[in-house]
Amino acid sequence: MAACGSSDNAGSSSKSSPPASTSAPAATSASPDAQAQAKGEVLKAYDAFWGEQVKAYAQADIKGTDLKKYATKAALGGAMGDVLVMKKAGTATTGAPTHRAKVTSLTLSGDIPKATLQDCLDISNWKTVKKKSGKVQPFPSNQPLRYITTAKAEKWGKQWMITELTPEGDRTC
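The opening residue of the sequence shown carries number 884 in my numbering; numbering runs sequentially from there.
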């Protein structure tokens, strides 16, 4: 798993995410209640996406996960690509990353509601291991263990979907 390559470096932490309340301005004319509800839904989908991604990486396979329920476009493609690389390398992950995500923009008007999230990922407890031996593979020497990740989400029907995930390994948090 390339520690800063694509969507594989962010972490799941439905347990460590902050409450859905954020003070980011919303680019919409929706009521404050609708904005707060939508932000909560976006964060819930983001947490679920990471929960499923952690499962997929732990087994180096997306089978048996609900990753496709929460991710599409580049985010799903990145996770699937990472799993393929891991499978070929005979690696998987143990543990789980943590994160502190917040919705930084929200647009509820238009055909497709959209949101942007900014996250502080901590991958220090998410280790890549050789599947046969269980030997931990060290992080690259230049890999920060906590860094900013930006995610894009769109609401498709009643479900928020993570469409992009951009690790910004040069921006630590």
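Glycine included, every Cβ here is placed at the ideal spot set by N, Cα and C. Because the structure is a prediction, the values reported are computed rather than measured.
Sort out for me which residues DSSP pairs residue i with in a bridge.
i       : result
Gln1001 : Lys985, Thr1033
Gly1060 : Here the chain comprises residues numbered 884 to 1056, so residue 1060 is not present and cannot be evaluated.
Gln1020 : Thr1011
Ala954  : Ile1045
Specify, as a first and last residue, the run of the alpha helix (DSSP H) that residue i falls within.
i      : result
Lys927 : 915–942
How about residue i and residue j: are their beta carbons less than 8 Å apart?
i       : j       : result
Lys1002 : Thr1032 : This sequence places Asp at residue 1002; Lys is not what is there. Yes, these two residues count as a Cβ contact at 8 Å.
Lys922  : Leu989  : yes
Leu991  : Ala913  : yes
Ala1036 : Ala998  : yes
Ala939  : Ala962  : yes
Thr977  : Lys1010 : yes
Ala979  : Asn1008 : yes
Asp1005 : Thr981  : yes
Tyr1058 : Thr1049 : As displayed, the chain neither begins before 884 nor continues past 1056, which places residue 1058 out of reach and without an answer.
Glu1051 : Ala958  : no
Ala954  : Ile1045 : yes
Gln936  : Leu926  : no
Drop a sphere of 10 angstroms on the beta-carbon of residue i, count the other beta-carbons inside from all chains shown, and report buried for 16 or more, exposed for fewer.
i       : result
Asp965  : buried
Asp1053 : exposed
Lys985  : buried
Val1019 : exposed
Thr967  : Note that residue 967 corresponds to Leu in the displayed sequence, not to Thr. It counts as exposed.
Asp994  : exposed
Pro1027 : buried
Ser1024 : exposed
Pro1021 : exposed
Could you spell out where the beta strand (DSSP E) holding residue i opens and where it closes?
i       : result
Gln1053 : Residue 1053 is actually Asp in this sequence, not Gln. Segment 1042–1055, the beta strand (DSSP E) holding Asp1053.
Ala975  : 974–978
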